[in-house]
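Okay, so the sequence shown: first residue is 356 according to the working numbering, each after it adds one. Some notes on the structure that comes next.
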Amino acid sequence: MRIDILTLFPEMFSKIFEESIIKRARQKGLIEIRIINFREYSKDPHQKVDDTPYGGGHGMVLTCQPIFDCIESIRTEESKIIMLTPDGTLYKQQTAYSLAKEKHLILLCGHYEGFDERIRSLCDYEISIGDYVLTGGEIPAMVLVDSITRLIPGVIEKESHLQDSFNNQLLDYPDYTKPRVFRGMEVPEILVSGDHKKIDEFRKQMSYNRTKERRPDLLEK
Ligand code: ADE
Numbered sequence: 356m357r358i359d360i361l362t363l364f365p366e367m368f369s370k371i372f373e374e375s376i377i378k379r380a381r382q383k384g385l386i387e388i389r390i391i392n393f394r395e396y397s398k399d400p401h402q403k404v405d406d407t408p409y410g411g412g413h414g415m416v417l418t419c420q421p422i423f424d425c426i427e428s429i430r431t432e433e434s435k436i437i438m439l440t441p442d443g444t445l446y447k448q449q450t451a452y453s454l455a456k457e458k459h460l461i462l463l464c465g466h467y468e469g470f471d472e473r474i475r476s477l478c479d480y481e482i483s484i485g486d487y488v489l490t491g492g493e494i495p496a497m498v499l500v501d502s503i504t505r506l507i508p509g510v511i512e513k514e515s516h517l518q519d520s521f522n523n524q525l526l527d528y529p530d531y532t533k534p535r536v537f538r539g540m541e542v543p544e545i546l547v548s549g550d551h552k553k554i555d556e557f558r559k560q561m562s563y564n565r566t567k568e569r570r571p572d573l574l575e576k
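Structural data, given as structure tokens:
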């Protein structure tokens with residue numbers, strides 16, 4: 356199994372995979388881990404990787420180009436691409452078991468306000484490690500690598516893992532940043548209308564739809 360981690364903060368990973376079970380799994384060649392700084396793929400003269408959100412609002416949004424180029428240069432037919440995001444599917448042990456059977460995982464770590472919504476079109480899975488917001492996807496990526504590695508045959512004895520057994524209740528709305536059209540995918544017209552009342556309503560509706568679709572249990576609360 357190979358795991359590629361795409362991050363803007365590669366140094367966060369410098370020690371974590373050099374200890375204990377993961378260290379031994381790497382030494383035995385059962386798992387290969389590569390840390391890739393996707394800023395290196397930015398075509399911006401200042402290597403910018405983020406921009407302000409269309410429609411206004413707080414924070415910066417990660418742009419499409421560096422992430423698309425990075426993923427397209429490393430993925431193969433066997434790759435599964437996973438975005439770490441607080442509005443993804445809740446990570447469960449069952450997910451770890453099924454991911455441990457894959458040959459190549461690409462873990463995409465966000466930072467700042469979030470990803471341009473169109474980046475999601477690249478991903479096979481969107482995973483959240485819990486109903487709380489971290490400063491980025493790096494710690495969740497560590498959680499995935501750790502929980503998956505121990506399930507790879509030969510890493511630990513099978514017997515030992517066979518025994519293993521939120522404020523407004525809404526998920527976030529989709530974000531978009533420049534460019535307005537990327538690979539034929541367009542930013543919803545309303546976000547460039549300048550009508551902030553309508554933008555608010557649109558976002559609330561999107562938040563509600565997404566929550567209803569993905570986490571109806573939150574609405575029941
Ligand atoms: N990024 C920020 N918070 C996260 C979470 N809870 N799970 C996955 N990625 C995240």
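For each residue, glycine too, the CB sits at the ideal point set by N, CA and C.
Item, Value
"By Cβ distance, which residues of its chain are closer than 7 angstroms to D501, with the 5 residues on each side in sequence left out?", "I377"
"Where does the unbroken alpha helix (DSSP H) through K567 begin, and where does it stop?", "H551 to R569"
"In whole angstroms, what separates the C-alpha of Q449 from that of T504?", "14 angstroms"
"Which residues in the same chain as Q524 place their Cβ atom closer than 8 angstroms to its Cβ, once the five residues preceding and following it in sequence are excluded?", "T566, L573, L574 and K576"
"How many angstroms separate the CA atom of T532 from the CA atom of L439?", "19 angstroms"
"Could you give the first and the last residue of the continuous alpha helix (DSSP H) run that contains R389?", "Not the alpha helix (DSSP H): R389 falls in the beta strand (DSSP E), residues E387 to N392."
"Got a sec: does ligand 1 put a non-hydrogen atom nearer than 7 angstroms to the Cβ of P495?", "yes"
"From the DSSP output, read off the bridge partner residues of F537.", "M540"
"Between which two residues does the alpha helix (DSSP H) harbouring E481 extend?", "Element bounds for E481: not the alpha helix (DSSP H) but the beta strand (DSSP E), Y480 to S483."
"Out of M415, H459 and N392, state which residue places its alpha-carbon closest to the alpha-carbon of D479.", "H459"
"Looking only at its chain, what residues have a beta carbon closer than 7 angstroms to the beta carbon of L526, apart from the 5 residues adjacent to it on each side?", "D442, S562, R565, T566, R569 and R570"
"So who's on the other strand from P508, going by DSSP bridges?", "I511"
"I'd like to know whether the C-beta atoms of L361 and L462 end up nearer to each other than 8 angstroms.", "yes"
"Using CA coordinates, which residue listed in T444, Y452 and F393 is at the minimum distance from S428?", "F393"
"Going straight from the alpha carbon of L546 to that of G492, what length do you get?", "26 angstroms"
"Checking the sheet assignment: what are the DSSP bridge partners for C464?", "L439"
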